[in-house]
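Trainee:
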Amino acid sequence: MVSESSPLLSRSVPSPFLWRSGALLVTAGMVVGAFGAHALQRRPGITADNLLAWRTASNYAIMNGLGLLLISMHPKFSTHRLAGYAILGGGVVFSGSIMALVLWKKYALITVAGPCRSAYFSRMKFLGPITPLGGVIMMAGYAALAF
435 MVSESSPLLS RSVPSPFLWR SGALLVTAGM VVGAFGAHAL QRRPGITADN
485 LLAWRTASNY AIMNGLGLLL ISMHPKFSTH RLAGYAILGG GVVFSGSIMA
535 LVLWKKYALI TVAGPCRSAY FSRMKFLGPI TPLGGVIMMA GYAALAF
């Protein structure tokens, strides 16, 4: 049985920023997941691989949001100098860049044709390397909790 003095049952949230960020990340993940499941799949130019990438990004946003909610309630980890911010920043960059790539690819397939298309894609290529960078930052945040 858990006692009333358990740190996880604290009446106040030790880190309101991490708590709010986690709640917003979970909400955003659910909203974009629903968008992908209902609206995005009916759009022309969206492939099964695009939908899988979108679902992955949505799931990671939700999982990282839940992680931030848990971290915010922990008396020690909620005050960690790096972990929460790295998880938040890395998670947003990771999920956001995947979603941006899917959306820009979709709109480029529909609205951009001819020689302009290659210029359009070349401007968006920077998002490819950003996705794993966000993942590394996110993993570093979780790893920092061990120290």
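Using my numbering, you'd call the opening residue of the sequence shown number 435 and step up by one each time.
Using N, Cα and C, we set each Cβ at its ideal position, and we do this for glycine too.
Keep in mind it's a predicted model, so treat the numbers as computed, not measured.
#1: In angstroms, rounded to a whole number, what distance separates the CA positions of N484 and L452?
#2: The alpha helix (DSSP H) with R454 in it runs from where to where?
#3: Near L516, what residues of its chain come up, given a Cβ to Cβ distance below 7 Å and the 5 sequence neighbours on each side ignored?
#4: Can you tell me whether H514 is buried or exposed, with buried defined as 16 or more other CB within 10 angstroms of its CB?
#5: Between W488, G479 and S455, which has its C-alpha nearest G470's C-alpha?
#6: Below 6 Å CB to CB, which residues in the same chain sit around A473 once its five sequence neighbours on both sides are set aside?
#7: Quick one, which of G479, A534 and L500 has its alpha-carbon nearest M464's?
Mentor: From the atom records:
#1: L452 has its alpha-carbon roughly 30 Å from the corresponding atom of N484.
#2: Per DSSP, R454 is one residue of the alpha helix (DSSP H) stretching across P450 to H472.
#3: The beta carbon of L516 sits closer than 7 Å to those of G575 and A578, all from its chain and outside the five residues before and after it, given in chain order.
#4: So H514 counts as buried.
#5: Of W488, G479 and S455, the residue nearest in Cα terms is W488.
#6: Non-local C-beta neighbours of A473 in its own chain, meaning closer than 6 Å and more than five positions away in sequence, are absent.
#7: When the alpha-carbon of M464 is set against those of G479, A534 and L500, the nearest one is in L500.
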